[in-house]
Amino acid sequence: MTVRFVVIGGGPAGNTAATHAARLGARVTLIERDIVGGAAHLWDCIPSKTMIATGGAISFARRLGEMGLETVTAEVDPAGLKDRVDGIVSRLNTSITGLLESQRVRMIRGTASFVGPNEAEVTTVDGTEVIPFDAALISTGSRPRIPPFAGPDGDRVLTTRDCYPPKVIPEHAVIIGSGVTGVEFVHMFASLGSKVTLIVSRQQVLPAKDPEVAAALEVNFLERGVALLKGARANAIERTEDEVTVTCDDGRVVRASHAVLAIGSVPNIEDLNVEAAGVELDGGGYVTINHHCQSSVPHIYAAGDVSGKLPLSSVAAIQGRKVAEHAMGLHTVEHRHLDYDKAASAIFTEPEIADVGLAEAEAFALGRKIRVTKVPFSVAPKALINNDARGFVKIVSDPMTGVVLGGSIVGRHAAELISVIALAVTAGLRVNDIVESLLVHPSLSEALAEAAE
Ligand SMILES: Cc1cc2nc3c(=O)[nH]c(=O)nc-3n(C[C@H](O)[C@H](O)[C@H](O)COP(=O)(O)OP(=O)(O)OC[C@H]3O[C@@H](n4cnc5c(N)ncnc54)[C@H](O)[C@@H]3O)c2cc1C
């Protein structure tokens, strides 16, 4: 019997699941109300990294004098930036749509909801259609969290969705929230020439990260003139014609041209009528899932941000793949469960930051014996050749077996280099496996081999 598989939401989780299930023989319907590629392509990963790459090019241009070249000045062209973002999003959209079509996935542009445990309804500009299914995936993603004191207006009080790209480059941006999204905003706006103030609710930016890693970023921010307001929580935003005033709970006040909210996200669940299907949610409105991404209704899965696991595009996509395999009955044979603790992640700041697996501070908190080895990038000739020897590589391993448990990288191309440590963590490799790999010379990866010694 052909499995009828309905996917609601076409972001990384949904489009990966749809393509993979179709390849495995399912009859797949993908329902998406905006674009396939999802928020990840429309507002989040792709626009943000495109803008950050442009900001990086400006920083690079400023340092060309150190590489024996005449210094050039790069002026920001907001219209050109928008065209670049739109062009990349459109190319990716064409390629994903083509892939889905090639697998004969039926794509419907509309908003879906459940009418029962085996039926979804989709509302399109042409009316409604009921779609029966044997298996379904909820991959509706999330949206920015709006605190009760802030009314974003898309003009001066902005969410992430108004910023990539921004309509104008703010003269002075006050960023509220110092997690991954917040610090990436700081970096982007500072690179594009804005004055930036960051409100940090704790005493460290990136409170969930290794303190040494966070400190390296703070040093860079301070060098670039970013004002850090530590230990403060914003609790009011007032806007006038051409200014915003942000007040913090400790009485401090910041006046700026724009305020940017970067304080997390909430799941897109309200429109889905999950009660009709019997799908249970947790207290935050996320779908409760097991290690196969099954909800409380076993043939209805959830993947991506709405599943309340790690809000990363990479995680969403691999969850989508696992869901497709499970829905097609493949997990009755041997397979590897997803281990969210082994997900690599990166922060696209300057210096770039990436980590995977067990962190040093986490190991100490657990009272676990570890071996930590760390080398600065300056040990790698390539870092000097690149004119950027900032940062370090840190590897956490088991002192008895040498098995690599985790690592952090701060520095240029950290997001690419972390793949080596991520592979080692997932495959259970030992530090010696990295040391004895025949790596390229000169390359930044030589710092990884040194750190693994
Ligand atoms: C500013 C920012 C930058 C980020 N950068 C990165 C990064 O560099 N790397 C990374 O790994 N992660 C990044 N993330 C996180 C990443 O964007 C998310 O984890 C990822 O988008 C989640 O994918 P998803 O498939 O769950 O959902 P989404 O990408 O959110 O897609 C969900 C889709 O479902 C659709 N939908 C919702 N409800 C319905 C409905 N009822 N009917 C039909 N369609 C519906 C929506 O229109 C949307 O297109 C970033 C996040 C932000 C906010």
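First residue of the sequence shown: 15, per this note's numbering; consecutive thereafter. Note that the Cβ used here is the ideal one computed from N, Cα and C, for glycine as well.
Taking 7 Å as the cut-off, one finds no heavy atom of ligand 1 near enough to the beta carbon of Asp-140. Secondary structure at Pro-225: helix, using DSSP grouped into helix, strand and coil. Distance from the C-beta of Cys-307 to the nearest heavy atom of ligand 1 is not below 7 Å.
Going by C-alpha positions, Ile-49 is about 7 Å away from Asn-107. In this structure, Leu-212 is the residue among Val-280, Asp-319, Leu-212, Ala-291 with its C-alpha nearest to the C-alpha of Arg-266. Under DSSP, Pro-281 takes part in a beta bridge, and its partners are Ser-156. In terms of Cα proximity to Gly-165, the closest of Glu-89, Glu-252, Asp-263, Thr-137 is Glu-252. With a threshold of 16 other beta carbon atoms within 10 Å, Ile-399 falls short and is exposed.
If only uninterrupted alpha helix (DSSP H) runs of at least 4 residues are considered, those enclosed by the segment 50-121 are 52-56, 59-76, 92-116.
Contact between the segment 146-155 and the segment 269-289 is established, with three or more Cβ pairs separated by less than 8 Å. Exclusion of Asp-369 from the 7 Å shell around ligand 1 follows from its C-beta lying no nearer than that to any non-hydrogen atom of the ligand. In this structure Ala-273 is not in contact with Thr-261, their Cβ atoms being roughly 11 Å apart against a cut-off of 8 Å. By the criterion of at least three beta-carbon pairs nearer than 8 Å, the segment 112-123 is not in contact with the segment 85-98.
Contact between Ala-394 and Glu-460 holds, with the beta-carbon distance rounding to 5 Å and staying under 8 Å.
Comparing C-alpha distances from Gly-239 to each of Phe-203, Glu-226, Gln-333 shows the shortest one belongs to Phe-203.
Annotation for Val-274: the continuous beta strand (DSSP E) segment containing it runs 272-275. Closest option to Asp-91, judged by alpha-carbon separation, among Asp-167, Val-182, Val-144: Val-182. The beta-carbon distance between Ala-397 and Phe-406, rounded to whole angstroms, is 10 Å. This is too long to meet the 8 Å contact definition. If you draw a 10 Å sphere on the C-beta of Gln-217, you find fewer than 16 other C-beta atoms in it, and that means exposed. Relative to ligand 1, the beta carbon of Leu-286 is positioned inside 7 Å of a heavy atom. Within the chosen limit of 7 Å, ligand 1 does not reach the beta carbon of Thr-68 with any heavy atom. With fewer than 16 other CB atoms across the displayed protein chains lying within 10 angstroms of its CB, Thr-254 is exposed. Within the segment 419-445, the complete alpha helix (DSSP H) runs of at least 4 residues fall at 428-441. With a beta-carbon spacing of about 18 Å, Gly-292 and Gly-322 fall beyond the 8 Å limit used to define contacts. Taking Gly-196 as the centre and dropping the five residues before and after it, the same chain places the C-beta of Ile-189, Leu-212, Ala-276 closer than 7 Å to its C-beta, in chain order. Taking Arg-18 as reference, the option from Ile-303, Ala-32, Gly-25, Arg-76 with the minimal CA-CA separation is Ala-32.
When the Cα atoms are used, Thr-346 and His-306 turn out to be separated by approximately 11 Å. Cβ neighbours of Gly-191 within its own chain (closer than 6 Å, five residues either side excluded): Ala-276, Ile-277. Taking 7 Å as the cut-off, the C-beta of Cys-262 does not count as close to any heavy atom of ligand 1. Annotated as proximal: Ser-271 and Glu-185, with beta-carbon spacing under 8 Å. Counting the other Cβ atoms within 10 Å of the Cβ of Val-370 gives 16 or more, which makes it buried. Here Ala-360 is near Ile-432, since their CB atoms are less than 8 Å apart. In its chain, beyond the 5 residues on either side, Glu-366, Leu-458 have a beta carbon closer than 8 Å to the beta carbon of His-427.
At a cut-off of 7 Å, the beta-carbon of Ile-45 counts as near ligand 1: some heavy atom of the ligand is closer than that. Contact between the segment 19-27 and the segment 329-337 is present, with at least three C-beta pairs closer than 8 Å.
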